[in-house]
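Presented below is the structure to which this report refers.
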C-alpha cells in the first residue's frame, strides 16, 4: 500500500465515516492488491491517467453514498469511463436490502461493477468482511 504515490496499476479512492469500515476495507484491499490509496477527505484532485483500474469505496448515509464520492465520480466521469472501474460499499444491510442498495448506488454512480460488504456481516479468521477476498480476486483478474 502506497498512500498517494502514482504508478501504473490500481488506485483505490474512498471516503469513510467515523466508523471507519470503508477506510479499513480500502487499506486492506490496497495492501492485498499493492494499490495506491487516496482518501477523499484529504485529497480530491487525483491524477488517474497512469492507472488501468480504479476502485471507488464509499459508505452509505441515509441511503446515499458519501457526497465526496458522488462529487468525485461526477467530476471525473470521462476519465473513469476509460478505466476498469469498480465500486464497493460498506452498509448496514444484508440480503435483499443490501443487494437493492448496492444496485441503486451502482446505478446512481454509473459504476456497474459493484459489491457491498455489510458493516455487521460475517468476517473470516483475519477479521476481513465476507466477500472482500473474492472481490479482491476479481480485481486481480
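In the UniProt record's numbering, the protein residues as written are 1 to 141. Think of the CB as a built atom: it goes at the ideal place given N, C-alpha and C, for glycine as much as any other residue.
Let me know if residue i comes out buried or exposed under the rule of 16 or more other beta-carbons within 10 Å of its beta-carbon.
i           : result
residue 61  : exposed
residue 35  : buried
residue 101 : buried
residue 85  : buried
residue 141 : exposed
residue 49  : exposed
residue 76  : buried
residue 129 : buried
residue 59  : buried
residue 95  : exposed
residue 123 : exposed
For residue i versus residue j, is the C-beta distance shorter than 9 Å?
i           : j           : result
residue 88  : residue 117 : yes
residue 149 : residue 72  : Nothing about residue 149 can be reported from this structure: the residues present for the chain run from 1 to 141 only.
residue 92  : residue 120 : yes
residue 109 : residue 79  : no
residue 51  : residue 83  : yes
residue 90  : residue 127 : no
Which residues share a DSSP beta bridge with residue i?
i           : result
residue 117 : 90
residue 51  : 9
residue 123 : 129
residue 84  : 53
residue 64  : 61
Out of the options, point me to the one whose CA is closest to residue i's CA.
i          : options           : result
residue 64 : 124, 16 and 31    : 16
residue 43 : 31, 30, 25 and 12 : 12
residue 54 : 24, 14 and 133    : 14
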